[in-house]
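Here the protein sequences come in this chain order: A and B.
Sequence positions in the first sequence follow the working numbering and run 1 to 189.
Sequence positions in the second sequence follow the working numbering and run 1 to 129.
Note that CB positions come from ideal geometry on N, CA and C, so glycine has one too.
Since the model is a prediction, treat every value here as computed from it, not as a measurement.
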Amino acid sequence: MSNRKIMTLGSVLMGGILIFSLYGIGNTIASGDIDREWEGRGSDINKSLTVNNAVYIEECGSCHMAYPARMLPPESWRKIMNGLEDHFDENAELDNETKNIIEKYLTGSSKYSNGKYRKMFRNLGGQSPLRITELPYFRHEHDEIPSRFFKDNDKLNSLSQCDACHRNAEKGWFDEDDVFIPGVGRWDD
Amino acid sequence: MKNTPVFITILISALICVSGHASTIVENQLQLYQQQGASVSDPDHGEQLWRSKRGERSCTSCHGDSPTQMGKHQKTGKVIQPMAVSANPDRYRDAKKIQKWILRNCKWTFARECSAQEKSDILTWLIQQ
C-alpha cells in the first residue's frame with residue numbers, strides 16, 4: 001500500500017472516531033447522564049419527571065396531563081388509585097387489571113425516588129395529599145403568582161394544569177425559563 | 001413506475017381491512033348489547049340521550065354540541081377528539097375502550113349505569129354521524 005493510501009485510510013478512520021465520540025458526548029448530555037445543575041434542561045430531575053408508562057399515559061393522560069409519579073408520595077397515589085369512582089368529582093373507574101398496573105407504576109416510581117427528589121415532599125409531616133397543588137413545596141414555588149393570573153384567568157381557572165404554563169411539562173421540564181402564563185405572558189420572578 | 005398498480009392495490013386492501021376492523025368491533029359490541037337484553041337500536045333515542053341534561057350535566061358538557069367537532073374537558077381543558085367516525089376514523093377500534101367510556105360517562109352524566117338498550121342506541125347514533 002502506498003503512503004498516500006495509508007494517509008487517506010488513516011484520515012477516514014480518525015474522522016470516524018471523532019464523529020462517534022461527539023455523538024456519544026451529545027447523547028450523554030441529552031440523556032442527562034452528566035450531573036448538571038439541579039434544575040436545568042437535561043438534568044436528572046428533568047429525566048426523573050418524565051412520564052414513560054404507556055398505560056398510565058393512555059388511561060390518565062386522556063383527561064388531564066399525566067402528572068409525574070414523583071410529584072406525590074406513594075401513599076397519595078394509593079389513595080387516588082383506590083378512589084377512582086369519585087376522582088375529583090369525576091368517574092374515572094378502571095378495570096382491576098389496568099388499575100393495578102398504573103398503581104404499581106406510580107407508587108413504585110415515587111417510592112424509589114432518592115433523597116434529591118424528596119425536596120418535593122418537604123414539610124409534608126407524614127400527610128399524603130391527593131393534590132400536587134397542596135404540597136407545601138408546590139405552594140412555596142407558586143406563592144408569588146397573583147391569584148388573578150390563574151383563578152380569574154378563563155384559560156386556566158386553577159394551578160392544576162401544569163402544562164398550560166410550563167410549556168415543556170410533558171418532557172419533565174418545570175424550569176422557570178419555560179413558563180408562559182396564557183393571557184399574561186412570560187413569568188419571571 | 002412499474003409497481004404502481006400493485007402498490008395501489010395493497011394500499012386499498014389495507015384501507016379496507018382497517019375500516020372493516022372498526023365496524024366489526026362496533027357490530028360485536030351491538031350484538032353484546034342484544035345478548036344483554038337490547039332490542040333493535042334506535043339512533044333517534046341515542047341523540048336524545050346525547051342532549052338530555054341532568055342539572056348542568058350532559059354529554060355535550062365536554063363533547064360539545066356536535067359529535068363531529070372537537071370537545072373540551074370542562075374541568076381540565078383537555079381537548080377531546082370528535083366522537084363521530086366521519087370526523088375521527090380512529091374512534092371505536094377498541095371494545096374495552098368503548099365499554100369503559102360508556103360506563104364512566106353514563107355514571108357521571110346520569111348518575112347511573114346506562115341500560116343495554118341506551119348503550120346500543122347511543123353507539124348506533126354516534127357511528128352514523
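Runs of the alpha helix (DSSP H) lying entirely within the segment 59 to 128 of chain B, each at least 4 residues long, are 60 to 63, 95 to 110 and 116 to 128 in chain order. Shown here, residue 121/A sits in a helix according to DSSP, grouped into three states. In the DSSP assignment, residue 149/A falls outside any alpha helix (DSSP H), carrying neither H nor E. Comparing alpha-carbon positions, the option among 135/A, 65/A, 53/A and 131/A lying closest to residue 122/A turns out to be 135/A. For residue 76/B, a Cβ of chain A is located within less than 8 angstroms of the residue's own Cβ. As the crow flies, the alpha-carbon of residue 145/A is around 56 angstroms from that of residue 13/A. Taking the Cα positions, residue 177/A is about 31 angstroms away from residue 70/B.
Beta bridge pairing from DSSP links residue 87/A with 90/A. Residues of the segment 134 to 160 of chain A with a Cβ closer than 7 angstroms to any Cβ of chain B: none. Annotation: the continuous alpha helix (DSSP H) that includes residue 77/A extends over 74 to 81. The segment 89 to 98 of chain A and the segment 55 to 69 of chain A touch, with three or more beta-carbon pairs separated by less than 8 angstroms.
Sequence-distant partners of residue 169/A (beyond 5 residues in either direction) whose C-beta falls short of 7 angstroms from its own C-beta, in its chain, are 65, 162 and 163. Any Cβ of chain B closer than 8 angstroms to the Cβ of residue 92/A would place that residue at the interface, and such an atom is present.
Comparing C-alpha distances from residue 48/A to each of 173/A, 140/A, 183/A and 129/A shows the shortest one belongs to 173/A. Annotation: Cβ neighbours of residue 64/A in chain B (cutoff 7 angstroms, chain order): 76 and 78. In the three-state DSSP reduction, residue 4/A falls in the helix class (H, G or I). Counting other Cβ atoms within 10 Å of its Cβ, residue 120/A reaches 16 or more and is therefore classed as buried.
At a cut-off of 8 angstroms between C-beta atoms, residue 107/B counts as an interface residue with respect to chain A.
Between residue 132/A and residue 70/A, the alpha-carbon positions lie close to 10 angstroms from each other.
Under the three-state reduction of DSSP output, residue 64/A falls in the coil class, being neither helix nor strand.
The Cβ-Cβ distance between residue 78/A and residue 103/A falls below 8 angstroms.
Under the three-state reduction of DSSP output, residue 57/B falls in the strand class. Residue state for residue 139/A is assigned as helix, using DSSP reduced to three classes. Excluding sequence positions up to five before and after residue 116/B, its CB lies within less than 6 angstroms of the CB of 33, 36, 37 and 38, all in the same chain and listed in chain order. Contact check for residue 60/B against residue 86/B fails: the beta carbons are separated by 8 angstroms or more.
Here the alpha carbons of residue 142/A and residue 122/B stand approximately 44 angstroms from one another.
Nearest CB-CB separation between residue 73/B and chain A: below the 8 angstroms threshold.
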